[in-house]
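Heads up: the structure comes next, in structure tokens.
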Amino acid sequence: MSGEPKLERIAKGNALALCATGTWTASFAPVLERMVADAEKLAGGPQSIFIDVSEVAKLDTFGAWLIERLRRSLTQGPIEAQIAGLSANYSSLVDEVRRVRATPVVETSTITITGMLDQIGRTVAGLAGTVAGLVDMLGAVLAAGGRVLIHPRSFRLTSTVHHMEQVCWRAVPIIVLITFLIGCIIAQQGIFHFRRFGADIFVVDMLGVLVLREIGVLLVAIMVAGRSGSAYTAELGSMKMREEIDALRTMGFDPIEVLVLPRMLALVLALPILAFLGAMAALYGGGLVAWLYGGVDPEAFLSRLRDAISIDHFIVGMVKAPVMAAVIGIVACVEGLAVQGSAESLGQHTTASVVKGIFFVIVMDGVFAIFFASIGM
Amino acid sequence: MAGDIENPIIRVRDITVQFGATRVLDGLNLDVKRGEILGFVGPSGAGKSVLTRTIIGLVPKVAGSIEVFGVDLDASSTSQRRNVERRWGVLFQQGALFSSLTVRQNIQFPMREYLRVSQRLMDEITMAKLAMVGLKPEVAERFPSELSGGMIKRVALARALSLDPDLVFLDEPTSGLDPIGAGDFDELVRTLQRTLGLTVFMVTHDLDSLYTACDRIAVLGNGKIIAAGSIADMQASQHPWLRQYFHGKRARAVMS
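Line by line, the protein sequences give chains V and D.
Just so we're aligned, residue 1 is where the first sequence starts under my numbering, counting upward by one.
Just so we're aligned, residue 1 is where the second sequence starts under my numbering, counting upward by one.
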């Protein structure tokens, strides 16, 4: 009895019977839809029409709905369409779909020029909101820090140590490796180009200043933003999604104090350490290349380095590190707590966290450059 | 249609599932007959969800065989397996709706993958499914994060039913619903089973569901099925856990 569904037209006196046969189920839905669309054209004819479903082998929601749709479109007009021969098994299913209202029109968003301008306007206006959010979080973190200073017992040492391990200790190998390679590359490029002027030895000056003042801390900060900033956002974001943060609040804990402060503190402590290790690795890599590729032996390298750089360069680099860490941490935590209920939102905020983190790190670096230039360091 | 004993829709033979050193299922056998609603009970942590997840292929088993619709899932080709997957629907305990899609898109997701039908038909069927699970059409454009727990269950059921499957797995469908909502849900499962000729495999803790919705009950304990049969068989059983479960305070309250 089962098989390809059919809808035959049989004239019975002055009435027209539409005889449905075969399997009216989801697997045949495309065929059924076409047949029903064809039969719907009979609407408005002079004959009275009834739909005979006694020969239907199998019926599911798709089939039942299509029969009901056919009945409805044939009914529009002077004649009433009827469904005949419905077996008891399926009558409840047909009753069920009969209660369904016609589909409301689904509005689709179209891209228009005003829509795009609207979007741009909202984004620009949103920038002020972003900055306000960051300042807000900075204030909240400082307030939480103040409370912890007054009640040192509420400080979460275990959590802080745990995050130190995650963002500092576990980051050491990759940070050292990458800064080492960058040091090698800077030295190689320096030697390659300076050699034409016979100024090989000045590569040591360039390497020392660049690494200690800029590259060491900037590169490490960017890597930390990608590595730990994203992790913070994802952690806080999924906690937000699963209402864990609300749970903390209802138990009388301040999420800033419990979740954000230990993370911020870990990051602020970790970044100077990583920046220092990174700078040393870069200098070592540069020295190695200078020796093996440029023929500057280690003693000459070290004595030149001692002349070329002063403690100021080192201080300039190190002073920037905790500030950049704070910026990365605040951006990551703000984004994490802004996550809404969906997985997509988590992805968007994690991306935003890394992008904004890196952006603000570079902006801060520029601000520091102006500052140190004007105080003559 | 019901009671086809020769051809069970699910045939589970001697399956063993192990996590590390703990053996969760130990040589378990189970048949689910076509057209029945099987209630699956057992103490928390006995492995009810594990069995469900093993049958649908989310948890690897150490030994044994599983046949669904007469297809051995281990020996089947990819296309055979797809075919089987197309004919079953799964309602996960937490709903597992796609959080970045609206209710409408969630329900249409399987249709879009498996059927080549017009957007209009998909929209209409979606409305029919929503009405079937007792939700208003306005819900269609909401995101899962904007739904209540009960609504999530209903939408998840609508998604599980979206391709009109022959078999549905329900993992604790009534947990987290208010008693009236849970009662409605049982009634709904009954109605759908009658109208669509479904076979239902329902993991549950809810005594009401067992009394009102289920044709047959299987009890899991120590990694095996310790009893299977009608509610009367369960009440007559002398097994200590069953006695406690079906003759405890709550059970008496439900029966009275």
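In this text, a Cβ means the ideal position worked out from N, Cα and C, and glycines have one as well.
Following the DSSP letters along the chain, one finds valine 17/D inside the beta strand (DSSP E) bounded by residues 10-19. Residue environment: aspartate 52/V is assigned as buried (16 or more neighbouring CB atoms within 10 Å of its CB, all protein chains considered). Along the region 115-136 of chain D, the positions whose C-beta sits under 9 Å from a C-beta of chain V are Leu115, Arg116, Val117, Ser118, Gln119, Arg120, Leu121, Asp123, Glu124, Ile125, Thr126, Met127, Ala128, Lys129, Leu130, Ala131, Met132, read in chain order.
If you compare the alpha carbons of Asn7/D, Val41/D, Gly47/D, Ala128/D with that of aspartate 206/D, the shortest gap goes to Val41/D. The beta-carbon distance between alanine 332/V and serine 353/V, rounded to whole angstroms, is 5 Å. This is short enough to meet the 8 Å contact definition. Shown here, asparagine 29/D sits in a strand according to DSSP, grouped into three states. 9 Å or more divides the Cβ of leucine 97/D from the Cβ of arginine 34/D. Interface with chain V (9 Å Cβ-Cβ cutoff): threonine 78/D is excluded. Judged by pairs of C-beta atoms under 8 Å, the region 50-58 of chain D touches the region 8-20 of chain D, as three or more such pairs exist.
Look at proline 179/D: its C-beta is not under 9 Å from any C-beta on chain V.
The residues Ser49, Thr52, Leu91, Phe92, Gln93, Val203, in chain order, have a CB closer than 7 Å to that of aspartate 171/D in the same chain once the five nearest residues on each side in sequence are set aside. One alpha carbon belongs to alanine 236/D, the other to glutamine 193/D, and they sit about 27 Å apart. Chain D places a beta carbon closer than 9 Å to that of tryptophan 65/V, counting this residue as a contact. Taken through DSSP and simplified to helix, strand or coil, methionine 202/D comes out as strand. Fully contained in the region 22-103 of chain V are the following alpha helix (DSSP H) runs of length 4 or more, in chain order: 29-39, 61-75, 88-98.
At a cut-off of 9 Å between C-beta atoms, glycine 341/V counts as an interface residue with respect to chain D. Proximity of aspartate 215/D to chain V, defined by a Cβ-Cβ separation below 9 Å, is not satisfied. Relative to the Cα of leucine 269/V, the nearest Cα in the group Val100/V, Gly190/V, Glu165/V, Gly376/V belongs to Glu165/V. With its beta carbon at least 9 Å from every one in chain D, phenylalanine 371/V lies outside the interface.
The C-alpha of phenylalanine 155/V is placed about 22 Å away from the C-alpha of isoleucine 328/V. Glycine 317/V places its beta carbon less than 9 Å from that of alanine 279/V. Here the C-alpha atom of arginine 9/V lies approximately 41 Å from the C-alpha atom of phenylalanine 201/D.
Annotated three-state conformation of phenylalanine 40/D is strand, per DSSP. A Cβ of chain D is located within less than 9 Å of the beta carbon of proline 30/V. Looking at the backbone, the Cα of isoleucine 83/V and that of alanine 17/V are separated by about 10 Å. Residue range 261-292 is occupied by the alpha helix (DSSP H) that includes alanine 290/V, with no beta strand (DSSP E) assigned at that position. Contact between serine 342/V and phenylalanine 109/D fails: their C-beta atoms lie close to 15 Å from each other, not under 8 Å.
Comparing alpha carbon positions, the residue from Ala199/V, Val217/V, Ala281/V closest to cysteine 184/V is Ala281/V. Under the criterion of beta carbons closer than 8 Å, leucine 218/V and valine 361/V qualify as touching, at roughly 7 Å. Across the structure, threonine 199/D and glutamate 344/V are spaced so that their CA atoms are roughly 35 Å apart. Residue burial is scored here from C-beta neighbours: alanine 266/V has at least 16 other C-beta atoms within 10 angstroms and is therefore classed as buried.
By a beta-carbon distance limit of 8 Å, valine 167/V contacts serine 228/V. Their separation comes to about 4 Å.
When beta bridges are read from the DSSP output, glycine 229/D appears opposite Ile217/D. Distance from the CA atom of isoleucine 107/D to the CA atom of lysine 356/V, rounded to whole angstroms, is 36 Å. Between the region 61-77 of chain D and the region 236-250 of chain D there are fewer than three inter-stretch CB-CB distances shorter than 8 Å, so the stretches are not counted as touching. The beta carbon of leucine 32/V sits closer than 8 Å to those of Pro5, Trp24, Phe62, Gly63, Leu66, all from its chain and outside the five residues before and after it, given in chain order.
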